[in-house]
Structures are given as structure tokens and as C-alpha cells.
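Chemist:
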Amino acid sequence: WAKDLKSDDFELICPQLADKTVKHTEFGTCNLARVPAHAVITREDARADVVNVLKQAQ
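The opening residue of the sequence shown carries number 1 in UniProt numbering; numbering runs sequentially from there.
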């Protein structure tokens, strides 16, 4: 489903700017918190593949 998507197709929803979005490149000024992510969200059918990729990346 994502084969034709480009990074410019994504926007960030900022809690500080409730009525607008910003480009993905502005992540330094738009975030929920300044801590590493503690979760990865996937579709159920992709879970096993994502787990394998993360284990190999360790």
C-alpha cells in the first residue's frame, strides 16, 4: 500500500499547533515529548516481519 508514498506525503500533527500540521522535516519543533519511542505500531499481518527486522537490527 505504501510503495508509491514519499516522505513529502507525510505531515506531523503537533499538540502545540492544534489547528495545523507541519512538514515531516520539522520534527525538532513538533513532538509529543523529547524521549525515545517506547512502542512500534504495526498492522496485525505485518507484526512478525517487523519483529524480525527489529531483532536483526539490535
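Glycine residues also receive a C-beta, built at the ideal position from the N, C-alpha and C atoms.
#1: The alpha helix (DSSP H) with K55 in it runs from where to where?
#2: Please determine, among V22, W1 and K3, the residue with the shortest C-alpha to C-alpha distance to F10.
#3: Which residue's Cα is closest to the Cα of A14: H24, L5 and S7?
#4: Under a three-way DSSP split, which group does T29 fall into?
#5: Could you tell me the boundaries of the beta strand (DSSP E) in which E11 lies?
Modeler: Once the coordinates are examined:
#1: Position 55 of the sequence shown holds residue 55. Taken as a continuous stretch (DSSP letters only), the alpha helix (DSSP H) holding K55 covers R47 to A57.
#2: Counting from 1 along the sequence shown, the entry for residue 10 is found at position 10. Comparing Cα-Cα distances from F10 to each of V22, W1 and K3, the minimum goes to V22.
#3: Position 14 of the sequence shown, counted from the start, is the residue given in the question as residue 14. The sequence as given places Cys at residue 14; Ala does not occur at that position. When only C-alpha atoms are compared, the closest one is H24.
#4: What you label residue 29 is simply residue 29 of the sequence shown in a count that begins at 1. DSSP, read as helix, strand or coil, puts T29 in coil.
#5: Residue numbering aside, residue 11 sits at position 11 when the sequence shown is read from its first letter. Looking at the DSSP string, the run of the beta strand (DSSP E) that includes E11 is E11 to I13.
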